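Visitor:
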DNA sequence: AAGAAGCCCTGATAGC
DNA sequence: TGCTATCAGGGCTTCT
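Numbering (UniProt numbering), first residue to last: 1 to 281.
Okay, here's the thing in structure tokens:
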């Protein structure tokens, strides 16, 4: 489900249920998700207040009153739902199997936040005071696509000696953090750049075109509440609607909206790439 | 050492 | 209907 716009949508949905509230109790229904939970995970969260729920790349980051930081990643199929007083409209409207409800946060005020993840590619981590910033995971992440540090100058510099296809480079979270398969395909189409083009040839003019397009696509997707493919839902069960704006993603064989050439699907480093061989050079 | 491929896991769908 | 194969929005690890 989740690339940056979906995670940001989830963050905004969870904020009223979590931000400023104490965690009364955490229920862990298994010992791991993708990775084992940290030592004493539930105990360390008990009675602690969530001061701020932020986001970095595709990670939700809860700043805790204990000084520790709880990070949550949705993987491919992770989702949150909210129940309780004031969140009646948020009832578990999705027909998800409860056997995949893995973590339940019992929040102050009788509100519960449940994490469900069938594939268990998602994970949660708990960093001690001052550890998150120092961790390899966060130190290695590239800039946020909407930040000023993600500029055409930056992208040109980092790509100028790279031989991998631009598609793969944009999926590399160390280069830019938060893009995934959908938004990379869409941004390359809108930029008229072929996904198979060598990264080094993007440096310069093409980067000047590409960077603003990436920012546009991400902004539009956030404004649309993300994209709902198969099962992504917001915390209130509503669907995002950016999927209606896809020009190439999932459009294999359909006519290109610009030139009518059938959209191609190819595989690059093990994932599908959709593009127009005529519009993208 | 960079880049590609394999793998983790479950569920939905297409094809026979 | 039921079986099998393929595919899925991510990211870590292992190969070449």
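Where is the CB? At the ideal position from N, CA and C, for every residue including glycine. Fair warning: this is a prediction, and the values are worked out from it, not measured in the lab.
For residue 181, name the three-state secondary structure that DSSP assigns.
Guide: Helix, per DSSP.
Visitor: Residue 32 by DSSP, collapsed to three states: which one?
Guide: Residue 32 falls in the strand class under three-state DSSP.
Visitor: Based on Cα-Cα distance, which residue from 221, 158 and 174 lies nearest to residue 187?
Guide: Selected option, being the one with the closest Cα: 221.
Visitor: Please tell me whether residue 177 and residue 141 are closer than 7 Å, where the distance is taken between their beta carbons.
Guide: Yes, they are a contact pair.
Visitor: So within the stretch 1-27, which uninterrupted alpha helix (DSSP H) runs reach at least 4 residues, ignoring any that extend past its ends?
Guide: List check, alpha helix (DSSP H) in window: 4-18.
Visitor: Can you find at least 3 beta carbon pairs, one from the stretch 126-137 and one from the stretch 146-161, that sit closer than 8 Å?
Guide: Output reads no: the stretch 146-161 does not touch the stretch 126-137.
Visitor: Using the rule of at least 16 other Cβ atoms within 10 Å of the residue's Cβ for burial, across every protein chain shown, is residue 182 buried or exposed?
Guide: Classification of residue 182: buried, given that the 10 Å Cβ count is 16 or more.
Visitor: Tell me whether residue 248 sits in a helix, a strand or coil according to DSSP, three-state version.
Guide: Coil at residue 248, not helix or strand.
Visitor: Do you know offhand how far residue 295's Cα is from residue 278's?
Guide: Past the boundaries of the shown model lies residue 295; the chain is included only from 1 to 281, so the question cannot be answered.
Visitor: Contact between the stretch 4-15 and the stretch 23-41: three or more CB pairs below 8 Å?
Guide: Short answer: they don't touch.
Visitor: Could you compute how far the alpha carbon of residue 109 sits from the alpha carbon of residue 24?
Guide: Cα to Cα, the separation comes out at about 9 Å.
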